[in-house]
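Trainee: In the numbering used here, the protein residues as written are 3 to 322.
Where is the CB? At the ideal position from N, CA and C, for every residue including glycine.
What follows is the structure, given as structure tokens:
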């Protein structure tokens, strides 16, 4: 028997358990319909489990694991997670935090979101990095893992969907991403001038081609403000059972902030940023000008994209 959500909310751990348990069927190349026939669950129940409308009970975990031939240690981890979700505080008190916990990635949660507000104070985020830029980050030790191209492309494809036709073109629906990035992150010497210039032009191309992406640049000449120098992602969801969450990446790993009290300082930081952003309509010209300043010493490279940038800068100057 599946279990109800606590206070009608599906925490990140509830959703991680659903993804993990229902993902076991893929090892057998089964669809949800195949799994329904084998374990005897109704279509409605499997749909609710996969959408985290209800949470997996320990019995659900065992039934699905038995059908899919899951190793015992994996089953034990998920059964423990299911027990913990019934009363997290009591479970943690009794176990003293000694039991392993389920984990999930940035991409796992981002693919469920309807809006991402990404504040990038120190580095261009993985979602919009070029392969060369990310390779330079890896080589420098600034990041420790390869890009998950499959999940990244899934997110980028949703950015190409307009809000009006999202329901017809994607089961996941459209996605809005607001990228707030500092001038220092955009112009840091990652991989050399050519890599940085290509990255800037790539950002300009993305914002032109993806209706769901908006890039805003923090004015490098602005004075101090609340949250200055802090990078984080605010993730928002359509489903009322999913609360907003904040993701912060530190040298200790990923931190996830789910409670309103934990999120409040980051909401405050977003409000403070509004006063130090360059006008959004100037973003393209700024990116192009910064790229051209890097490109000109490189044999005065004049690509078709560079000519487009010159036009954008010219128009921006005319408006001014």
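1. Grouping DSSP H, G and I as helix and E and B as strand, with all else coil, what is residue 256?
2. Just to check my reading of the structure: residue 12 and residue 54 have Cβ atoms closer than 8 angstroms, yes? What is that Cβ distance to the nearest angstrom?
3. Taking the beta carbon of residue 240 as the centre, do at least 16 other beta carbons fall within 10 Å, making it buried, or is it exposed?
4. Give me the Cβ distance between residue 116 and residue 238, rounded to the nearest whole Å; I'm assuming they're in contact under 8 angstroms.
5. Would you check if the distance between the CB atom of residue 181 and the CB atom of residue 220 is smaller than 8 angstroms?
6. Mind checking which residues open and close the beta strand (DSSP E) that includes residue 220?
7. Count the other CB atoms, across all protein chains shown, that sit within 10 Å of the CB of residue 253; report buried if there are 16 or more and exposed otherwise.
8. With respect to the alpha helix (DSSP H) encompassing residue 16, which residues constitute its N-terminal and C-terminal limits?
9. State the DSSP-derived secondary structure class of residue 270, mapped to helix, strand or coil.
10. Quick check on DSSP: helix, strand or coil for residue 196?
11. With a cut-off of 8 angstroms, do at least 3 Cβ pairs link the segment 15-33 to the segment 64-72?
12. Compare the C-alpha of residue 257 against each of 16, 81 and 108 and name the closest.
13. Is it buried or exposed for residue 198, if we count other Cβ within 10 angstroms and need 16 for buried?
14. Exposed or buried, which one is residue 294 when buried takes at least 16 other CB atoms within 10 Å?
15. Counting Cβ pairs closer than 8 angstroms, one from the segment 201-216 and one from the segment 122-137, do we hit at least three?
16. Per DSSP, which residues does residue 249 bridge with? Please list them.
17. Do residue 63 and residue 81 have their C-beta atoms closer together than 8 angstroms?
18. Any idea which residues DSSP pairs residue 39 with across the strands?
19. Below 7 angstroms CB to CB, which residues in the same chain sit around residue 1 once its five sequence neighbours on both sides are set aside?
20. Give me the Cα-Cα distance between residue 105 and residue 162, rounded to the nearest whole angstrom.
21. Which of helix, strand or coil does DSSP assign to residue 121?
22. Below 8 angstroms on the Cβ atoms is my guess for residue 222 versus residue 185; work out the distance and round it to an integer in Å.
23. Using three-state DSSP, classify residue 182 as helix, strand or coil.
Mentor: Taking the definition as stated:
1. Counting from 1 along the chain shown, the entry for residue 256 is found at position 254. Note: residue 256 maps to strand in three-state DSSP.
2. As a first step, residue 12 must be located in the chain shown, where it is residue number 10. As a first step, residue 54 must be located in the chain shown, where it is residue number 52. Going by Cβ atoms, the distance from residue 12 to residue 54 rounds to 4 angstroms, so yes, they are a contact pair.
3. Numbered from 1 along the chain shown, position 238 holds the residue referred to as residue 240. So residue 240 ends up on the exposed side.
4. What you label residue 116 is simply residue 114 of the chain shown in a count that begins at 1. What you label residue 238 is simply residue 236 of the chain shown in a count that begins at 1. Yes, they are in contact, since the Cβ atoms of residue 116 and residue 238 sit about 6 angstroms apart, within 8 angstroms.
5. What you label residue 181 is simply residue 179 of the chain shown in a count that begins at 1. What you label residue 220 is simply residue 218 of the chain shown in a count that begins at 1. No, they are not a contact pair.
6. The residue labelled residue 220 in the question sits at position 218 within the chain shown. Unbroken beta strand (DSSP E) run through residue 220: 215-220.
7. In the chain shown, counting from the first residue as 1, residue 253 sits at position 251. Its Cβ having fewer than 16 others within 10 Å, residue 253 is exposed.
8. Counted from its first residue, the chain shown places residue 16 at position 14. Unbroken alpha helix (DSSP H) run through residue 16: 14-25.
9. In the chain shown, counting from the first residue as 1, residue 270 sits at position 268. The answer is helix: DSSP assigns residue 270 an H, G or I state.
10. Position 194 of the chain shown, counted from the start, is the residue given in the question as residue 196. The answer is helix: DSSP assigns residue 196 an H, G or I state.
11. Three or more beta-carbon pairs drawn from the segment 15-33 and the segment 64-72 are found closer than 8 angstroms, and the two stretches are therefore classed as touching.
12. Along the chain shown, read from residue 1 onward, the residue named residue 257 stands at position 255. The option with the nearest alpha carbon to residue 257 is 108.
13. Working through the chain shown from its first residue, we reach residue 198 at position 196. By the neighbour-count rule (16 or more Cβ atoms within 10 Å), residue 198 is buried.
14. As a working mapping, residue 294 is identified with position 292 in the chain shown. Taking every protein chain shown into account, the CB of residue 294 has 16 or more other CB atoms within 10 angstroms, so this residue is buried.
15. Yes, the segment 201-216 touches the segment 122-137.
16. On the chain shown, position 247 is the one that residue 249 refers to. According to DSSP, which records beta bridges pairwise, residue 249 is partnered with 235 and 258.
17. Residue 63 sits at position 61 when you count from the first residue of the chain shown. Residue 81 sits at position 79 when you count from the first residue of the chain shown. Yes. Within cutoff.
18. Reading the chain shown from its first residue, position 37 is the one you call residue 39. Paired residues: none, contrary to the question.
19. The structure shown does not extend to residue 1, since the chain spans only 3 to 322, so no value can be given for it.
20. As a first step, residue 105 is located in the chain shown; it is residue number 103 there, counting from the start. As a first step, residue 162 is located in the chain shown; it is residue number 160 there, counting from the start. Distance between the alpha carbons of residue 105 and residue 162: 29 angstroms.
21. Residue numbering aside, residue 121 sits at position 119 when the chain shown is read from its first letter. Strand at residue 121.
22. Indexing the chain shown from 1 puts residue 222 at position 220. Indexing the chain shown from 1 puts residue 185 at position 183. Between residue 185 and residue 222 the Cβ distance is about 4 angstroms, and since that is below 8 angstroms, they are a contact.
23. Along the chain shown, one-based indexing puts residue 182 at 180. Annotated three-state conformation of residue 182 is strand, per DSSP.
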